[in-house]
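The listed protein sequences derive, respectively, from chains S and W.
Under our numbering, the first residue of the first sequence is numbered 14, with each subsequent residue one higher.
Under our numbering, the first residue of the second sequence is numbered 14, with each subsequent residue one higher.
Even for Gly, the Cβ is constructed at its ideal location relative to N, Cα and C.
Computed from a predicted structure; not experimentally measured.
Only one structure is covered here, and it is reproduced in the block below.
Protein chains: 2
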Amino acid sequence: MERTMIEGLGDRIGETVRISGWVDVRRDQGKMVFFDFRDRSGRVQGVCLPGSSALETAKEVGKEYVVRVEGVVHKRPEKNVQEGKQNGDIELEVKSIDILSRAAGMPFDTDADLNLDTLLDYRPLTLRRPRERAIFTLQAALVQAYRNSLIRQGFMEFQAPALVGSDAEGGAEVFRVDYFNEQTANLATSPQLYKQIMTGVYERVFTIARVFRAEKSATTRHISELTQMDFEMAFIEDEQEVMFVLEEVMRDVVRDVQSKYADLFALVGTDLPLVPEAPFPILTLREAQEILGVSTDDPDLEPAHERGICEWAQREKGSDFVFITRFPTHKRSFYTYEHAAEAPHSRGFDLLFRGLEINSGAQRIHDYDVLVKRIEERGMDPKNFAFYLQAFKYGMPPHGGCSTGLERLTMKMLDLDNVKEATLFPRDMNRIDVLLHGTDSGNIKE
Amino acid sequence: MERTMIEGLGDRIGETVRISGWVDVRRDQGKMVFFDFRDRSGRVQGVCLPGSSALETAKEVGKEYVVRVEGVVHKRPEKNVQEGKQNGDIELEVKSIDILSRAAGMPFDTDADLNLDTLLDYRPLTLRRPRERAIFTLQAALVQAYRNSLIRQGFMEFQAPALVGSDAEGGAEVFRVDYFNEQTANLATSPQLYKQIMTGVYERVFTIARVFRAEKSATTRHISELTQMDFEMAFIEDEQEVMFVLEEVMRDVVRDVQSKYADLFALVGTDLPLVPEAPFPILTLREAQEILGVSTDDPDLEPAHERGICEWAQREKGSDFVFITRFPTHKRSFYTYEHAAEAPHSRGFDLLFRGLEINSGAQRIHDYDVLVKRIEERGMDPKNFAFYLQAFKYGMPPHGGCSTGLERLTMKMLDLDNVKEATLFPRDMNRIDVLLHGTDSGNIKE
């Protein structure tokens, strides 16, 4: 008999079906055994009636056992219908159970609020909880929507390398790799230089890249390995064209998850993002500082300021998104284009979402001589950038782009407290899957 | 004036338009200057007529200069039409040229057949050649088609980590990373253990992951960082269900590139893959060895055997794809399911394509006790797999999956000689973008 997915059982009233899945709950009630069975499509209640030949096996089967079940789908009597619940109007009368895999008793209380360490120590198991399942179902949808929006807007995907040469831009924040022949390589902190190279060929490109940060930060916003969604585009007039594409992407992403996954937002207990009909609000750094009433001498916004300006945007503009522009050039990466009329301010921007910077972008320098000069001014050696600089020496169009952190976007989309909740297998100072030897979990700061 | 993409010029006869792009070719002819302009959508010929005010700038503009050009689109007289060439029936009369970026003279002969080192030394520039551009346009399409096929078949994407703990499965082939607090981490050689964990939650998952191989191999098939396209699925009866999904994926991929990119195959000079109407041929290792007339004691196929059996499949079955099954269990990874009726042979399989293994897969062990026993038999310590083993201890469904190397697939799809031609920024023993210090390019074996 073919497997029927649990979400399809409502169409099979009166029929004998086979389902496969996990035992989500088992309840004994007199001479009957009730189960909630779970597969990737949903949940259904099953019952072993007194005298059923499945009862013998049913007694053995506990929570998280993997089973193949045959049974008859019944409509529930009106009084037993559970409104608003998947399959709340049907029940599966279990005729037989095959045990595909046994399960030990779960090592934590599956219904409790778990602290972060427990959540991560038992990640393969805590992922089975509806809330955790939902987070990564939504994350997959975010990636897919982001990609589809860029493809629709004429962008081509490419694969950026994660292993980079030993003379990259970074410094202390870079992980070192023992390469061949006693050479040292680095793990990429960004696909930036490669996407610029690609822009000099394909004009509009994007990549979904693994990047690595050796920062000794233990905040709710930091992880050591992350997924960066980057795009870059050529033949722009200025950074506003990049911001326009990014805004389109974010609108597409929100529209997509809203139409397909509103139930997951409800499950996680979060509101859908507020997207204004008008364009996303844009503030210069100075304007933002004036609104907040803080010093206009600061070269950047503090985390508390990011939260403050997002509250303002939500209240005044009905938007969970707000762009900040005109950061001082010296505070941005070396390839950032200076705004000629507003120097020493740059053509860089950040996109804040629900209190956090989730994207950073800019128009980039495309002139070879200017770029070389900037590298030198920052105390770096252009020789170490020779491969990258080729693209500029031989004809590079004006271009710009930006970069979204997938985990931060997921975190804020679902209003989670810690970016690690939005990372399947987060790496940090103290953890790669399990706590590392010699680290004391009591000292982890969250 | 808005930019018009070059591919759209044929619809603008008689109009004044603006294009932006690179100078692909410049030819002086008497008092006229001819250009081929190139943007991401194609090429068009432009001409500066005698007396044109653009002529002054035109004289300055050389190959690879980035320009913004205004001009009038003319239909060519019948005798000058170049049949079968994009925009072969039109010409742009150049009215003005703005130089957006200058270009030095190219450091290699752009029309020559380049050796591999030159191709890679100047990758940002050699990518501008039609052949190289085509390879990575096609690669983007392969990834997209692969992903779409799996999504259509009910698979969910996830992000697999690239940094893994210090006690992974691998050995000599693993790159070491200096992690925090004098700990050592490794670079993942595969997302295998993570996709199995995910299968225990979401049933059908895929990931497009960066993996790393520290093998000291300098063949035409090896690179040190690669893109692996993996899927894994639960509630299978046996490995044939995995093979069926994979076959669907390959058919979707070929159908997709065939319909959209037949011209790129022509440009690279390759035939489209031969896909049989009948299912892909399946041979056991023994059957393959008997066809080849080689020893049936060998536990695997040599590269020459893989080529031989692919020639057979092409000739006898009209297929560029052929599955090989029933490899000895001890030659496969520890988690490979043994075929009870045909022990010591396994439920593993390889998919060969045009002479090369591009995919390897299997049904996996899902029973906790069997898996622990197998880990011990292989001389490894189950304690080091504690995180992974959680998934199995608490109820894991029967499952299987497989893994396709994107670069190898691209290489064989376009019949390239070396996998590095199918890798944007290949890393190997001697190269990360540029040749590494202390390596002698004369010694690179290809």
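Residue i at chain S interface by Cβ criterion, 7 Å
{"i": "W/Ala147", "result": "no"}
{"i": "W/Gly178", "result": "yes"}
{"i": "W/Arg444", "result": "no"}
{"i": "W/Met169", "result": "yes"}
{"i": "W/Leu10", "result": "Here chain W has residues from 14 to 459 only, and residue 10 of chain W is not among them."}
{"i": "W/Ala153", "result": "yes"}
{"i": "W/Val190", "result": "yes"}
Spatial distance of residue i from residue j (CA atoms)
{"i": "S/Leu256", "j": "S/Arg268", "result": "The sequence as given places Met at residue 256 of chain S; Leu does not occur at that position. Rounded to whole angstroms, S/Met256 to S/Arg268 spans 18 Å at the Cα level."}
{"i": "S/Met45", "j": "S/Gly75", "result": "15 Å"}
{"i": "W/Glu460", "j": "W/Ile337", "result": "Outside the modelled stretch of chain W, which goes from 14 to 459, sits residue 460 of chain W, for which no answer is possible."}
{"i": "S/Ile221", "j": "S/Leu369", "result": "20 Å"}
{"i": "S/Lys460", "j": "S/Gly374", "result": "One cannot answer for residue 460 of chain S here, as it falls past the ends of chain S, which runs 14 to 459."}
{"i": "W/Glu9", "j": "W/Leu206", "result": "Because chain W in this structure spans residues 14 to 459, residue 9 of chain W falls outside the shown range and cannot be described."}
{"i": "S/Glu20", "j": "S/Asp52", "result": "9 Å"}
{"i": "S/Arg421", "j": "W/Phe438", "result": "28 Å"}
{"i": "W/Trp318", "j": "W/Leu305", "result": "The residue you asked about is not Trp; residue 318 of chain W is His in the sequence shown. Taking the straight line from one Cα to the other gives about 7 Å."}
{"i": "W/Pro411", "j": "S/Lys344", "result": "53 Å"}
{"i": "W/Asp276", "j": "W/Thr233", "result": "26 Å"}
{"i": "S/Arg39", "j": "W/Arg223", "result": "41 Å"}
{"i": "S/Leu151", "j": "W/Ile110", "result": "48 Å"}
{"i": "S/Glu106", "j": "W/Phe405", "result": "28 Å"}
Reference residue i, options the options, closest by Cα
{"i": "S/Val36", "options": "S/Met14, S/Val60, S/Arg16 and S/Asp284", "result": "S/Val60"}
{"i": "W/Gly34", "options": "W/Ile26, W/Gln58 and W/Gly27", "result": "W/Gln58"}
{"i": "S/Ala125", "options": "S/Glu28, S/Arg142, S/Thr17 and S/Ile112", "result": "S/Arg142"}
{"i": "W/Gln166", "options": "W/Ile388, W/Glu73, W/Glu96 and W/Met263", "result": "W/Met263"}
{"i": "S/Ala158", "options": "S/Asp265, S/Pro120 and S/Ile110", "result": "S/Asp265"}
{"i": "S/Thr70", "options": "S/Glu91, S/Leu369, S/Phe48 and S/Arg89", "result": "S/Phe48"}
{"i": "S/Ile210", "options": "S/Met409, S/Lys88, S/Glu355 and S/Asp134", "result": "S/Met409"}
{"i": "S/Asn372", "options": "S/Ser237, S/Ser203 and S/Leu280", "result": "S/Ser203"}
{"i": "S/Leu429", "options": "S/Asp284, S/Thr17 and S/Gly321", "result": "S/Asp284"}
Where the alpha helix (DSSP H) through residue i begins and ends
{"i": "W/Gly213", "result": "Gln205 to Tyr215"}
{"i": "W/Val281", "result": "Glu252 to Val281"}
{"i": "S/Val385", "result": "Tyr381 to Glu390"}
{"i": "S/Gly326", "result": "Sequence check: residue 326 of chain S is Ala here, not Gly. S/Ala326 -> alpha helix (DSSP H) spans Pro316 to Lys330."}
{"i": "S/Val156", "result": "Pro143 to Arg165"}
Cutoff 7 Å: residue i Cβ touching any chain W Cβ
{"i": "S/Arg367", "result": "no"}
{"i": "S/Ala435", "result": "no"}
{"i": "S/Ala198", "result": "yes"}
{"i": "S/Ser33", "result": "yes"}
{"i": "S/Arg25", "result": "no"}
{"i": "S/Arg391", "result": "no"}
{"i": "S/Arg223", "result": "yes"}
Under 7 Å from the C-beta of residue i: neighbouring residues of chain W
{"i": "S/Lys406", "result": "Ala117"}
{"i": "S/Pro411", "result": "Leu113"}
{"i": "S/His379", "result": "Ser114"}
{"i": "S/Leu140", "result": "Val214"}
{"i": "S/Phe347", "result": "Near S/Phe347 there are no residues of chain W at all, since even the closest Cβ is about 18 Å away, more than 7 Å."}
Contacts of residue i in chain W (Cβ-Cβ under 9 Å)
{"i": "S/Thr240", "result": "Gln172"}
{"i": "S/Thr150", "result": "Met169 and Tyr215"}
{"i": "S/Gln376", "result": "None at all; the shortest Cβ gap to chain W is about 13 Å."}
Where the beta strand (DSSP E) containing residue i begins and where it ends
{"i": "W/Gln241", "result": "Glu238 to Ala247"}
{"i": "W/Gly414", "result": "His412 to Gly418"}
{"i": "S/Gly84", "result": "Val79 to Lys88"}
{"i": "S/Leu369", "result": "Leu369 to Arg377"}
Beta-carbon neighbours of residue i, restricted to chain S and to distances below 8 Å
{"i": "W/Glu77", "result": "Tyr407 and Gly408"}
{"i": "W/Phe400", "result": "Arg136, Pro137, Asp446 and Val447"}
Under 8 Å by beta carbon: chain W residues contacting residue i
{"i": "S/Tyr135", "result": "Gln403"}
{"i": "S/Asp17", "result": "The question names Asp, but residue 17 of chain S is Thr in the sequence shown. The premise fails here: S/Thr17 is roughly 12 Å from chain W at the closest Cβ pair, so nothing lies under 8 Å."}
{"i": "S/Lys229", "result": "Phe193"}
{"i": "S/Leu132", "result": "Correct list: empty, because the minimum Cβ distance to chain W is about 13 Å."}
Proximal chain S residues relative to residue i, where beta-carbon distance stays under 7 Å
{"i": "W/Gly213", "result": "Pro137"}
{"i": "W/Phe438", "result": "Pro174 and Tyr207"}
{"i": "W/Leu449", "result": "Gln196"}
{"i": "W/Ile210", "result": "Pro137"}
Distance cut-off 6 Å: residue i Cβ against heavy atoms of the ligand SAM
{"i": "W/Tyr381", "result": "The ligand SAM is absent from the structure shown, which contains no ligand whatsoever."}
Cross-chain neighbours of residue i in chain S, by beta carbon under 9 Å
{"i": "W/Gln157", "result": "Arg160, Ile164 and Glu170"}
May I ask you to list, following chain order, the residues of the segment 37-60 of chain S that have a beta carbon less than 8 Å from some beta carbon of chain C?
-> Any reference to chain C falls outside this structure, whose protein chains are S and W.
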